[in-house]
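Chains as they are written, first to last, in this note's numbering: chain H, 39 to 314; chain B, 30 to 281. Accompanying notes for the structure given below.
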Amino acid sequence: MRKAISLLSATAMTLTATSAFAEQCTNEVWNKVMSRDKLVVGVKADYKPWGFRDESGNLVGMEIDMAQSVADAMGVELETVAVQSSNRMQFLEQGKIDLMIATMSDRPDRREIVGIVGPNYYTSGTNILAPKALKFADWEQLRDRPVCGKQGAFYNKIVEERYGAKVVAFGGNAEAKQALRDKKCIAFVYDDSSIVADLSSGNWEAFEMPLKTEDDNPWALAVPKAEQNCVFGNFMSGMQYNWHRDGTLIELEKKWGIQPTAYLQSQKERFADWIK
Amino acid sequence: MIIEAIQEFFREVAVNNPTWNFIFFYEATQWNKVVGGLWMTIQLSVVCVLFSLVIGVVGAGLQGARSAVLRAVVAGYIQFFRNTPPFVQLLFFYFALGQFTPTYSPDGWLEIPIISNVGWAIISLSFFAGAFNVEIFRAGVEAVPKSTQEAAESLGYTRLQIYGHIVFPLALRVSIPALNNNLVNLVKTTTQAFVIAVPELLYQSVTIWNDYPSAQYPMMTFLFFAYLALVGVVVVGMNNWERAMRIPGYGG
Chain H
39 MRKAISLLSA
49 TAMTLTATSA
59 FAEQCTNEVW
69 NKVMSRDKLV
79 VGVKADYKPW
89 GFRDESGNLV
99 GMEIDMAQSV
109 ADAMGVELET
119 VAVQSSNRMQ
129 FLEQGKIDLM
139 IATMSDRPDR
149 REIVGIVGPN
159 YYTSGTNILA
169 PKALKFADWE
179 QLRDRPVCGK
189 QGAFYNKIVE
199 ERYGAKVVAF
209 GGNAEAKQAL
219 RDKKCIAFVY
229 DDSSIVADLS
239 SGNWEAFEMP
249 LKTEDDNPWA
259 LAVPKAEQNC
269 VFGNFMSGMQ
279 YNWHRDGTLI
289 ELEKKWGIQP
299 TAYLQSQKER
309 FADWIK
Chain B
30 MIIEAIQEFF
40 REVAVNNPTW
50 NFIFFYEATQ
60 WNKVVGGLWM
70 TIQLSVVCVL
80 FSLVIGVVGA
90 GLQGARSAVL
100 RAVVAGYIQF
110 FRNTPPFVQL
120 LFFYFALGQF
130 TPTYSPDGWL
140 EIPIISNVGW
150 AIISLSFFAG
160 AFNVEIFRAG
170 VEAVPKSTQE
180 AAESLGYTRL
190 QIYGHIVFPL
200 ALRVSIPALN
210 NNLVNLVKTT
220 TQAFVIAVPE
230 LLYQSVTIWN
240 DYPSAQYPMM
250 TFLFFAYLAL
260 VGVVVVGMNN
270 WERAMRIPGY
280 GG
C-alpha cells in the first residue's frame with residue numbers, strides 16, 4: 039500500500055511538473071490551425087437557436103456565426119463539430135477541437151480545465167419549463183418532486199441541494215423535453231434563454247417559464263488551457279471585445295430571434311468607444 | 030484511521046493536480062453517488078442475468094415445441110430483440126411504449142408510469158440478452174445426439190421430461206462458454222440504461238464529472254476498473270460453474 043501511495047505521489051509530482059511547464063507559450067494549436075488552414079470549433083447541435091441542425095442537417099445558429107467570424111478573422115476555413123454539455127471540455131482538452139463555443143456557463147472549476155477568456159459573450163440564468171396547469175410560483179414547490187434535467191448543466195446540483203428537487207438528468211435536451219411532455223416529471227430545469235426560445239417556437243402552448251430566474255451566469259468560450267494567455271487566448275479576447283463593441287452580438291441575437299438581453303446592451307455601453 | 034489517511038491523500042492529490050480530483054474518496058455525497066450507482070449496476074446485472082437465463086431456457090424449450098404457433102412466436106421474439114440495438118430498444122420502450130402503459134398520478138398532473146425507467150431497463154436488457162440465450166441454448170440442444178433422445182423416448186419419458194432430465198442438462202454444459210460471453214456483454218450493456226436516466230454507475234459518474242470537471246479523468250479511470258472488476262467476477266463465477274458442471278468424458 040505504501041509503495042502504491044509513493045508511486046501515486048511520484049505520478050502526481052510529474053503531473054504537477056508538466057502543468058508548470060505548460061506556462062510557456064508554444065502556441066501549438068494556433069500554429070496548427072494556421073498551417074492547416076482550418077479551424078475546428080466545437081458547437082452545440084441541440085440548443086436552438088445558438089447551435090442546432092437545419093433541415094439539411096448543417097450546423098447553424100448564433101454560435102456557429104460567431105465561429106465563422108473567428109475563422110474569417112484568422113483567414114482559415116471553418117469546420118464545426120457537434121459537442122454535448124457533458125463532453126465539450128474533453129473535446130477541447132484532447133485536441134479534437136481547437137476552440138469551443140458551446141453555450142457553456144463560466145464556472146471557476148471549469149476555468150481550471152479549459153482556457154476561458156473574457157469578456158463573456160452572453161449570459162443566462164436558471165429557470166424551469168413547466169406546464170401552466172401546475173401554476174408554479176416558487177422554487178420551493180419543486181421539493182421532492184421529479185424534475186427533468188440535462189446531464190452537464192451545473193445547476194442540476196444547485197436545484198437538488200437548494201430546493202430538494204429530484205433531478206432526473208437525461209443525456210440530451212430532446213429526451214428531457216419528451217419526458218416532460220410525457221408527464222414523467224413536473225418541469226424541465228434549464229437555461230432561461232433556451233426556455234424562452236422554446237416557448238416562442240409555438241410548440242409549447244400549454245407551458246410557461248413561471249419562476250424567477252436564478253444564478254444568472256455569464257457564458258464563456260474556451261481555447262485550450264495551454265493557450266489561454268498566449269496568442270489564441272488573447273486573440274479570442276479581442277474577438278469578443280469587438281463583438282460587444284460593434285454590436286455584432288446584438289445583431290446576431292436579432293438575426294436568430296432571441297429575446298434581447300440586457301446583458302448585451304450593457305456590455306455594448308461598457309465597451310463603447312470614447313471617440314464617436 | 031486508514032480511511033482518514035486515504036481521504037487526506039486524495040485531497041492532497043486534488044490540490045496538486047487540478048485534473049485528478051478523486052472527489053468521491055473524500056466527499057460523502059459523491060461517495061454515496063458512486064456506491065448507489067454501483068449498487069444499481071449490480072442489481073440490474075443480477076436481475077437481467079437471471080431473467081435472461083430463464084428466457085433462454087424456456088425459449089429454447091419452446092423452439093422444440095409441437096405447436097407451430099409457439100415456435101413462430103419464439104422465432105419472432107428472437108428476430109425482434111436480437112436484431113435491434115439495445116440503445117434503441119431502451120428509447121423505444123421507455124418513451125414510445127411508455128405512453129401506453131398504465132400510469133398513476135400523485136398530484137393530478139404527473140403521470141408516473143407503473144413501469145419505471147429501471148423497470149424498462151430490466152425488461153429491455155433481459156429480453157435482449159434472452160434472445161441470444163435462446164439461440165445459445167438451441168445450439169446446445171442441437172448438440173445432444175438424437176440417439177440419446179430416442180433412448181429416453183424408448184424408456185417412456187414424455188417430451189417435457191426428456192427436455193428437463195436429459196437434453197437440457199447436457200445442452201447446458203455445451204452452452205456455458207457461449208453463455209459466458211453473452212452474460213459478460215449483458216453486464217456491460219447495462220451502461221446503456223444511461224439513455225433513459227437510470228441512475229447506474231455510468232450515470233452517477235457522469236453526474237459527478239459534470240458537477241466537478243476536475244473529477245473527469247478520475248471518474249473515467251474508476252469506471253474502467255469498476256467494470257473490469259464487475260465483469261471479472263462474472264467470468265470467474267462462470268468458469269467455476271463450468272468446472273463444477275463438468276461430466277468426465279462429455280465435452281471438452
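A virtual CB, placed ideally from N, CA and C, is assigned to each residue, including glycine. Please read these numbers as outputs of a predicted model, since none were measured by experiment.
What is the rounded straight-line gap between the Cα of residue i and the Cα of residue j?
{"i": "H:F59", "j": "H:N267", "result": "Any reading at H:F59 needs caution, since the residue's pLDDT is 46, under 50, leaving its predicted position unreliable; the model's value is listed next. Rounded to the nearest angstrom, the two C-alpha atoms are 14 Å apart."}
{"i": "B:G159", "j": "H:T64", "result": "55 Å"}
{"i": "B:M267", "j": "H:E131", "result": "40 Å"}
{"i": "B:E41", "j": "H:S162", "result": "34 Å"}
{"i": "B:N214", "j": "B:L119", "result": "16 Å"}
{"i": "B:E271", "j": "B:L79", "result": "17 Å"}
{"i": "B:A34", "j": "B:N46", "result": "18 Å"}
{"i": "B:V76", "j": "B:A226", "result": "18 Å"}
{"i": "H:P157", "j": "B:V147", "result": "44 Å"}
{"i": "B:Q233", "j": "B:N211", "result": "25 Å"}
{"i": "H:M247", "j": "H:A212", "result": "18 Å"}
{"i": "H:M138", "j": "H:M127", "result": "8 Å"}
{"i": "H:I296", "j": "H:P87", "result": "8 Å"}
{"i": "H:Q278", "j": "H:V155", "result": "9 Å"}
{"i": "B:V83", "j": "B:A89", "result": "10 Å"}
{"i": "B:V51", "j": "B:I32", "result": "In the sequence as presented, Val is not what sits at residue 51 of chain B; that position holds Phe. For B:F51 and B:I32, the distance between alpha carbons rounds to 14 Å."}
{"i": "H:M39", "j": "B:V265", "result": "Residue placement at H:M39 is flagged as unreliable, the pLDDT there being 49, under the threshold of 50; a coordinate-derived value is accordingly withheld."}
{"i": "H:F90", "j": "H:S239", "result": "14 Å"}
{"i": "H:A217", "j": "H:E93", "result": "24 Å"}
{"i": "H:D236", "j": "B:G85", "result": "46 Å"}
According to DSSP, simplified to helix, strand and coil, what is residue i?
{"i": "H:I139", "result": "coil"}
{"i": "H:R219", "result": "helix"}
{"i": "H:K263", "result": "helix"}
{"i": "B:V224", "result": "helix"}
{"i": "H:P184", "result": "strand"}
{"i": "B:R275", "result": "coil"}
{"i": "B:R40", "result": "helix"}
{"i": "B:F109", "result": "helix"}
{"i": "H:K82", "result": "strand"}
{"i": "H:A60", "result": "Residue confidence for H:A60 is low, a pLDDT of 48 falling below 50, so the modelled location carries little weight; the figure read from the coordinates is stated next. Three-state DSSP puts H:A60 in coil, outside helix and strand."}
{"i": "B:Y232", "result": "helix"}
{"i": "B:Y133", "result": "strand"}
{"i": "B:F51", "result": "coil"}
{"i": "H:I196", "result": "helix"}
{"i": "H:G153", "result": "strand"}
{"i": "B:V196", "result": "helix"}
{"i": "H:D110", "result": "helix"}
{"i": "B:V173", "result": "coil"}
{"i": "H:Q305", "result": "helix"}
Relative to the C-alpha of residue i, which residue among the options is closest?
{"i": "H:Y228", "options": "H:A168, H:S238, H:W281 and H:V261", "result": "H:A168"}
{"i": "H:P298", "options": "H:E246, H:D84 and H:S232", "result": "H:S232"}
{"i": "B:L139", "options": "H:F90, H:K292, H:C223 and H:M277", "result": "H:C223"}
{"i": "B:S74", "options": "B:I152, B:S96, B:A43 and B:Q92", "result": "B:I152"}
{"i": "H:C186", "options": "H:R308, H:V98, H:A225 and H:A109", "result": "H:A225"}
{"i": "H:Y159", "options": "H:T141, H:N165, H:K170 and H:F174", "result": "H:T141"}
{"i": "H:K195", "options": "H:L97, H:E291 and H:D253", "result": "H:D253"}
{"i": "B:F121", "options": "B:F38, B:I71, B:N162 and B:V224", "result": "B:V224"}
{"i": "H:Q33", "options": "B:F129, B:R188, B:Y279 and B:P242", "result": "This structure does not reach residue 33 of chain H, given that chain H is present from 39 up to 314, and the question cannot be answered."}
{"i": "B:Y192", "options": "B:L208, B:I205 and B:P174", "result": "B:P174"}
{"i": "H:A109", "options": "H:L97, H:M72, H:R200 and H:R308", "result": "H:M72"}
{"i": "B:A258", "options": "B:R100, B:T70 and B:S96", "result": "B:T70"}
For residue i, which beta-bridge partners are listed by DSSP?
{"i": "H:N165", "result": "H:Y228"}
{"i": "H:A207", "result": "H:G187"}
{"i": "B:R188", "result": "The partner list for B:R188 (beta bridge, DSSP) is empty, contrary to what the question assumes."}
{"i": "H:T118", "result": "H:V79"}
{"i": "H:P256", "result": "H:T161"}
{"i": "H:F245", "result": "H:P169"}
{"i": "H:F350", "result": "Nothing in the structure corresponds to residue 350 of chain H, since chain H is present only between 39 and 314."}
{"i": "B:P142", "result": "B:T132"}
For a contact meaning CB atoms closer than 7 Å, what does residue i contact in chain D?
{"i": "H:G209", "result": "Checking the listed chains, one finds no chain D in this structure; the protein chains it contains are H and B."}
task: Please confirm if the region 178–185 of chain B is in contact with the region 108–116 of chain B, defined as three or more CB-CB distances below 8 Å between the two stretches.
output: no
task: Would you be able to state if there are at least three C-beta pairs under 8 Å between the region 88–107 of chain H and the region 276–290 of chain H?
output: yes
- prompt: When the Cβ atoms of the region 258–272 of chain H are set against those of the region 143–152 of chain H, are three or more pairs found closer than 8 Å?
  reply: yes
message: Taking contact to mean 3 or more Cβ pairs, one atom from each stretch, closer than 8 Å, check whether the region 125–145 of chain B and the region 160–170 of chain B are in contact.
response: no
message: Within 8 Å, do at least three Cβ pairs link the region 118–134 of chain H to the region 299–312 of chain H?
response: no
query: Are the region 105–119 of chain H and the region 78–90 of chain H in contact at 8 Å, needing three or more beta carbon pairs?
result: yes
- prompt: Can we say the region 53–62 of chain B touches the region 231–245 of chain B, given the rule of at least three CB pairs closer than 8 Å?
  reply: yes
query: At a cut of 8 Å, does the region 186–198 of chain B reach the region 243–252 of chain B through at least three beta carbon pairs?
result: no
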